[in-house]
Structures are given as C-alpha cells and as structure tokens.
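For the record, the sequence lines run as chains A and B. Residue 92 in this note's numbering is what sits at position 92 of the first sequence, and the numbering runs on without skipping anything. Residue 1155 in this note's numbering is what sits at position 155 of the second sequence, and the numbering runs on without skipping anything. The beta carbon of each residue, even a glycine, is placed where N, CA and C say it ideally should be. Comments concern the structure below.
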Amino acid sequence: MYSGFKAGFPREALIYSTVFRHFSIVLPAYPQTVSLGSKHPRDERFIMSEAVIHRRTVTVINDQGLHFRPCQLIALAAQQHQSSVILSRGKTRADAKSLLELLTLAAEQGTNLELEVAGPDAIDVLNEVTELFSCGFQSPPRAV
Amino acid sequence: MKLCDFVVPGAIVPELPAGTKESAIRAMVASLQKAGSIKAEDEENIVAAILKREELGSTGIGRGVAVPHTKHGSTDKLIAAIALAKEGVDFASLDGEPVYIIFLLVSPPDRPGDHLRGLENISRHLRNDHFCKFLRQSKTSEDIWELLTEADNNEI
Chain A
1 MYSGFKAGFP
11 REALIYSTVF
21 RHFSIVLPAY
31 PQTVSLGSKH
41 PRDERFIMSE
51 AVIHRRTVTV
61 INDQGLHFRP
71 CQLIALAAQQ
81 HQSSVILSRG
91 KTRADAKSLL
101 ELLTLAAEQG
111 TNLELEVAGP
121 DAIDVLNEVT
131 ELFSCGFQSP
141 PRAV
Chain B
1001 MKLCDFVVPG
1011 AIVPELPAGT
1021 KESAIRAMVA
1031 SLQKAGSIKA
1041 EDEENIVAAI
1051 LKREELGSTG
1061 IGRGVAVPHT
1071 KHGSTDKLIA
1081 AIALAKEGVD
1091 FASLDGEPVY
1101 IIFLLVSPPD
1111 RPGDHLRGLE
1121 NISRHLRNDH
1131 FCKFLRQSKT
1141 SEDIWELLTE
1151 ADNNEI
C-alpha cells in the first residue's frame, strides 16, 4: 500500500511514481526525475496530477477533543483510500492512517489542524475526513 | 505531562494471569483500588464502564498493545495502570493479534485535555520499538517503573 509522505522530504517536492507505486516508494518530485522509465505522455500527466497536495484546515469541534474514537474513525477513513493523508498540528505531523500517530496530536476542542492529502483519490478522502470533523465524529461520513 | 505523573506505581502488574480481556481489565482496576487510587465501591462500576467502552470498538491498537480507558467521576485526576500479559490476551484488536502490553486509563470527565495528553504520552512512547521491546522483557514492577522513568527522560 502507498504509505504516504516520508519524513525529511520537502513537502512541496513530494510525488510518487506510477511506475513504483506498487512498491510504496516516495520519490522527491524534482522535474528531471519525473519520467522514470515511461515516456508515454499519459503517464506524465498522471504523475503531474498526483503531485498536487490538497490542503484544508479542519477544526476539532467536539468537546472531548481528538480522543481515541475520533482518531480511530479518521484512520479507518484514511486507510480506505490510496492517497496519503497527513494531519498536522504545528510541527507535529501524523500519518492519518496510523491510529498511534493520530493520538500524538492531543488536539483539544477548538484546535485547528492542517489536513494534507495527495494521491489519485485525494478529493474523496479530503471530503470524507473533513466531514468527520464537521459532524464532531458523531455520525458516519457521507457516502461519496 | 510524563508517564510517571499518571501511572500509579502500585498499579503495575508485571505478569497477568492467563485469561480474557475482561479478567485482565478486572485485575488492573483491582490494582488501582489496592493502590488507593480508586475506592472499593467504585471498582465494579469502573470495570463496567471500561467494558462498555470496549463494546464501541476495541482499544487494541495493534503492535501487541491495548489502551482500555474510561472517563469516570470517581477520580479527580488522570490515573493509569500497566499490565504485561506474557501469554497474550485476545483483545479483539484491529490487527487480530493478541495483546501483551496493556495501559488502562481512568480520567475525570471534566478534564478532557488531561485524557488527551495521557493518550498522547502513551502513544508517543509506544511508537518506539525499543520501548515496547524493553517493556515486554520487564520482569518486575521496579523494572517497569525504571523503564518509564527512562522513557520520560528520553533515554530509550
């Protein structure tokens, strides 16, 4: 499975290759490295579309904050998508597919978190996770 | 907040008898009661609350670890018990694997921030493979307390 951003890479320079996606490899998106073996123009368009990182600010509105159950719901939603999903609180970045990492955010009610999504189904997962936050984790996300 | 701020030294169970999720939770709540952190008359109620929470979804988070918990009015501060189960306990974990390390948390309902910081603290250390490995290798309460102290000081 595609495992998401790797720590240490500049965020703006992240991309993963259609060639290597099955091996869960994240590569820096320097323009000269984009072609990666395939010269088919369609591949390059696909790569370029996946280089886009979609960002949205989400707010914890439920009074108990981002405790175990909300983190579990976020992780379950993120795991159902191929795209990488990162939730950040300041310098603390959590892979949203990992319950343990999400719990390290310790986000109380009123906390703003940055949601960053990249991948082929980025918009779907962006909407699904945003919906979880906006309903205070009280109901299942809307079917997309 | 550090582990040693909320783990009750008298509620460390280095070797749980083989048993079920319920028997493990009961033994850990009993250790909190024996340590004087909760009253005897609240013990059964706390066990029931933790088991009810487990019905919503297992707190077995994978990596052989579970974090059963509840918010309960009988305590005015966050408290935790730790237990090791050498034989493994079936916690209906997300990854289907048995649980060998259990952190049990009881926190006051009106202080959600403390509960979140407790979970954050435990999760941060559980991400460390060395911490999990050393914890599972611990034989006595003293070993475990020493390990928690080292973890708090970022010495692992």
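About 5 Å separates the CB atoms of A/Glu108 and B/Gly1113; that is less than 8 Å, so the two are in contact. Within the region 104-129 of chain A, the residues whose Cβ lies closer than 8 Å to any Cβ of chain B are, in chain order, Thr104, Leu105, Ala106, Ala107, Glu108 and Gln109.
According to DSSP, B/Ala1030 shares a beta bridge with no other residue.
A straight-line Cα-Cα distance of about 19 Å links B/Phe1131 and B/Val1008. B/Ala1083 sits away from B/Leu1032, with the two beta carbons spaced by 7 Å or more.
Listed by position along chain A, the residues whose Cβ is nearer than 7 Å to that of B/Glu1055 form an empty set, because the closest Cβ is around 12 Å away.
Around the C-beta of A/Cys71, 16 or more other C-beta atoms lie within 10 Å, and the residue is accordingly described as buried.
Annotation: B/Ile1079 has no Cβ neighbours in chain A at a cutoff of 8 Å; minimum Cβ distance is about 17 Å. Linking B/Thr1140 to B/Phe1134 through their CA atoms gives a straight-line distance of about 12 Å.
For B/Lys1071, the beta-bridge partners assigned by DSSP are B/Ser1107. For A/His54, the uninterrupted beta strand (DSSP E) run begins and ends at His54 to Thr59, by DSSP. For A/Lys91, there is no enclosing beta strand (DSSP E), since its DSSP letter is neither H nor E.
By the CB criterion at 7 Å, B/Ala1151 and B/His1125 fall inside the cutoff.
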